[in-house]
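Comments concern the structure below.
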Amino acid sequence: MLENYLIVHKSILPDYYETVLAVRRRLESGQGKDVSQACREAGISRSTYYKYKDFIFEPSDVEGGRRAVLSMLLEHEPGVLSALLQCVSAAGASVLTIDQSLPIHEKASVTLALDLGSMTVPLQKLTDGIEAVNGVENVRLIAIE
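Just so we're aligned: 131 in the working numbering is position 119 of the sequence shown, and the numbers increase by one with no gaps anywhere.
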């Protein structure tokens, strides 16, 4: 998963990348009432924001271990979440939060916030392991710090 990312100095990127980050910060801080308002105030279209919001991340100044947020779909079957958590634990990561939706069409959306500080394997190996768990689909890295 991380082989798809580059570290690039923002001075060579189009200005709207920085603006997408500004919109995200406004929404996360509660300064923007909704996406439409935050985009309007920042001077970009909603389509630009939605096109890039899941692909642009800022480094974090937080001290301590690294953290990551992963999103995925789980089949609504006994033991799938348990197997997923066992995979995370085997990699040495710690679960900070789990957010699971109600299953719709026999699939539930799950978001994991993980502490990677004690991880014994690279993040790519963890995500590969999670994708290999029977009943887990569409594993995506949402954020990392």
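Backbone N, C-alpha and C define an ideal beta-carbon position, used for all residues, glycine too.
What you are looking at is a predicted structure, and each value in this text was computed from that prediction instead of being measured.
With a contact defined as Cβ atoms closer than 8 Å, Gln112 and Val122 qualify at about 5 Å. Only exposed fits Arg152, as fewer than 16 other CB atoms lie within 10 angstroms of its CB.
The residue among Ser83, Val32, Arg78 and Arg79 with its C-alpha nearest the C-alpha of Tyr64 is Val32.
When DSSP states are grouped into helix, strand and coil, Ile56 belongs to the coil group. Taking each of Leu82, Gly129 and Val133 in turn and checking the Cα distance to Ala103, the smallest one comes out for Val133.
Each of Gly147, Tyr28, Ile19 and Ala105 was checked against the Cα of Pro90, and the nearest Cα belongs to Gly147. With a beta-carbon spacing of about 26 Å, Arg79 and Leu114 fall beyond the 8 Å limit used to define contacts.
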